[in-house]
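Anchor point for the sequence shown: position 60 equals 542 in this note's numbering, and the numbering is continuous, going up by one each time. Just so you know, even glycine gets a beta-carbon here, dropped at the ideal spot from N, CA and C. None of the values given here were measured: they were computed from a predicted structure. Here's the structure we're looking at; comments come further down.
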Amino acid sequence: MQIRGIGVDAAREMRSLLRLHAPAGSDLERLGVRPEDLSFEELGFDSIRLVQFVLACEKSLGVSLPGEILLRRPLTVGTLLAEAEHALAQQG
Numbered sequence: 483m484q485i486r487g488i489g490v491d492a493a494r495e496m497r498s499l500l501r502l503h504a505p506a507g508s509d510l511e512r513l514g515v516r517p518e519d520l521s522f523e524e525l526g527f528d529s530i531r532l533v534q535f536v537l538a539c540e541k542s543l544g545v546s547l548p549g550e551i552l553l554r555r556p557l558t559v560g561t562l563l564a565e566a567e568h569a570l571a572q573q574g
């Protein structure tokens, strides 16, 4: 997935943001699973940290995600990535 024609991979960008916003002590590489398969609750995100992460993703990827995404349970990283990719595709 290309973002605004600058050659940045959306999944890689989201993983980078995830590392920046993950709670202290979260070692994503040590978990031995793809972050996309985990829920934000499993990663230790509280509601405030989740909102901050979603806002950072919107800003970085240049998309607007539906607010109801924050109410989905379980909300996984993969689900959020799919929503971001869908929003990017809609922008053309």
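Could you name the residues of the same chain whose beta carbon sits closer than 7 Å to that of residue i, not counting the 5 residues immediately before and after it, in chain order?
i: lysine 541; result: none
i: leucine 552; result: Leu532, Val533 and Val536
i: proline 505; result: Gly526, Phe527 and Arg531
i: alanine 569; result: Val545, Ser546 and Leu547
What does residue i pair with, by DSSP beta-bridge criteria?
i: threonine 558; result: Ser521
Whole-angstrom Cβ separation of residue i and residue j, contact assumed at under 8 Å?
i: alanine 492; j: glutamate 550; result: Contact doesn't hold; Cβ gap of about 20 Å is too wide.
i: leucine 547; j: glutamate 565; result: 5 Å
Within a Cβ cutoff of 8 Å, which residues of the same chain sit near residue i, ignoring the five residues on either side of it in sequence?
i: leucine 502; result: Ala538
i: arginine 554; result: Thr561
i: leucine 563; result: Ala492, Ala493, Met496 and Glu518
For residue i, which of the options has the nearest alpha-carbon?
i: aspartate 519; options: Ala569, Arg497 and Ser529; result: Arg497
Quick one: what's got a C-beta closer than 6 Å to residue i's C-beta in the same chain, skipping five residues either side?
i: proline 556; result: Ser521
i: threonine 558; result: Ser521
i: glutamine 573; result: none
i: alanine 571; result: none
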